[in-house]
Amino acid sequence: KGHFQTSTGAGKNPQILFFQIKIKNYCSIFTGYLMNERGAVEMSRRSPFASWLCAMLHCFGSYILADLLLGESPIDYFSNNSSVILATAVWYLIFFCPMNLFYKCVSFLPLKLIFVAMKEVVRVRKIAAGVHHAHHRYHHGWFIMMATGWVKGSGVALMSNFEQLLCGVWKPETNEILRMSFPTKASLYGTVLFTLQQTHWLPISEANLIFFFTMFMIVCKVFMTATHSHASPFAPVESFICPVFFGSVSSGHTSHHHDQHGASQEVSHPPPPPAKSKEELNEGTRKRKAKKAE
Numbered sequence: 056k057g058h059f060q061t062s063t064g065a066g067k068n069p070q071i072l073f074f075q076i077k078i079k080n081y082c083s084i085f086t087g088y089l090m091n092e093r094g095a096v097e098m099s100r101r102s103p104f105a106s107w108l109c110a111m112l113h114c115f116g117s118y119i120l121a122d123l124l125l126g127e128s129p130i131d132y133f134s135n136n137s138s139v140i141l142a143t144a145v146w147y148l149i150f151f152c153p154m155n156l157f158y159k160c161v162s163f164l165p166l167k168l169i170f171v172a173m174k175e176v177v178r179v180r181k182i183a184a185g186v187h188h189a190h191h192r193y194h195h196g197w198f199i200m201m202a203t204g205w206v207k208g209s210g211v212a213l214m215s216n217f218e219q220l221l222c223g224v225w226k227p228e229t230n231e232i233l234r235m236s237f238p239t240k241a242s243l244y245g246t247v248l249f250t251l252q253q254t255h256w257l258p259i260s261e262a263n264l265i266f267f268f269t270m271f272m273i274v275c276k277v278f279m280t281a282t283h284s285h286a287s288p289f290a291p292v293e294s295f296i297c298p299v300f301f302g303s304v305s306s307g308h309t310s311h312h313h314d315q316h317g318a319s320q321e322v323s324h325p326p327p328p329p330a331k332s333k334e335e336l337n338e339g340t341r342k343r344k345a346k347k348a349e
């Protein structure tokens, strides 16, 4: 909250601006949740409490994980009554508004792009706040800063498997760590930059870094949402760097498969027995003749 207040203009009330940003953020979260999760509407009718609990995890999951990492109470953020009530109101309007009017309004593409942009503003602020908070507790804990900033920016996605358990679904193949989406990767790369800035290894002010990284996130997410694209902007760089430092998956799989195939051939085709000498052949002939004579 303090990060929003320090960056607002003098002519605007920071409380009102922060309230508007939270509304847009919650609308973006719930519209994305409703669009991406199959059976979300049916579950809201069948079990409203489970649907509400999943919605709260979508809103406050990053705070819960960050508090767990830093040894603080994971339910501390729920003491903010205005945020919980506001998130509950948006959840109710999204799922139970007559004729889905509220959902149709917030999913209208021009308005949705605004929500997406504001969500990325909140994401970058949360990453910066998480790194700053961890740096205050652990001055030289680089990995703690990175972990805290990462879960602050992508805690919702990292808790997706736990949320699936609440819905009665178990899909381990959708683990976000195994298959990172663009927001999760961007949060990871962003928290590295903010950690380097916080430890004075990156010669740039925090305000400038927040501005440039926010612009990058807004442009990427708005473009991906407008074009319905799922291609990651990091894919070209990763396809060049990963084979150099971590090897190629296809080549390793091919060599392993070749080794297994060669081994199976060796097992299935044993080597032929050695040829018998002339003495052994003559001796066998004499034995057969002796048996016939008997």
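Mind the numbering: the sequence shown is residues 56 to 349 in our numbering, read in order.
Note that the Cβ used here is the ideal one computed from N, Cα and C, for glycine as well.
Of the residues the options, the one placed nearest residue i, counting alpha carbons only
i: V145; options: P129, I169 and W107; result: W107
i: R25; options: K174, F115, L248 and C152; result: Since the displayed the chain opens at 56 and closes at 349, residue 25 lies outside it and no answer follows.
i: Y244; options: H194, I182, F157 and S215; result: I182
i: V292; options: K240, P258 and I265; result: K240
i: S150; options: S137, L123, I169 and A105; result: Strictly speaking, residue 150 in this sequence is Phe, with Ser absent from that position. It is A105 whose Cα lies nearest to the Cα of F150.
i: V176; options: P238, F295 and K159; result: P238
i: F289; options: M235, Y147 and I259; result: M235
i: C109; options: Y147, G126 and L248; result: Y147
i: L248; options: M279, W205, T280 and L233; result: W205
i: L123; options: K226, T203 and M98; result: T203
i: T280; options: S137, P165, S102 and M98; result: P165
i: A262; options: A184, P227 and F301; result: A184
i: G126; options: K174, Y193 and S294; result: Y193
i: K174; options: S242, C297, S303 and L233; result: S242
Contact set for residue i: own chain, Cβ-Cβ below 7 Å, skip 5 residues either direction
i: V139; result: F133
i: N230; result: N216
i: V299; result: none
i: F301; result: none
i: M98; result: A105, S106 and C222
i: W259; result: Per the sequence presented here, residue 259 reads as Ile, with Trp not at that position. Same-chain partners within the cutoff: Q252.
i: P129; result: I119, D122 and L123
Close beta carbons around residue i, own chain, < 8 Å, minus the five adjacent residues each side
i: A172; result: I273, K276 and V277
i: M214; result: L112, G116, I119 and L120
i: V179; result: G208, G245, I265, F268, T269 and M272
Contacting residues, own chain, Cβ-Cβ under 6 Å from residue i (five flanking each side not counted)
i: L156; result: none
message: Using a Cβ distance threshold of 8 Å, determine whether the stretch 245 to 253 contacts the stretch 169 to 189, with at least three qualifying pairs required.
response: yes
message: Three or more C-beta pairs under 8 Å: does that hold for the stretch 278 to 293 against the stretch 194 to 209?
response: no
task: Would you list, in sequence order, the uninterrupted alpha helix (DSSP H) runs of no fewer than 4 residues that lie entirely inside the stretch 149 to 189?
output: 156 to 161
message: Which runs of the beta strand (DSSP E) at least 3 residues long sit entirely within the stretch 185 to 217? Give them in chain order.
response: Runs found: none.
query: Taking one C-beta from the stretch 221 to 238 and one from the stretch 129 to 139 each time, how about it: are there three or more such pairs within less than 8 Å?
result: no
message: Quick check on the DSSP output: what are the complete alpha helix (DSSP H) runs of length 4 or more inside the stretch 212 to 299, in order along the chain?
response: 215 to 221, 237 to 253 and 261 to 282
- prompt: Just checking, does the stretch 205 to 216 make contact with the stretch 265 to 282 on the three C-beta pairs under 8 Å criterion?
  reply: no
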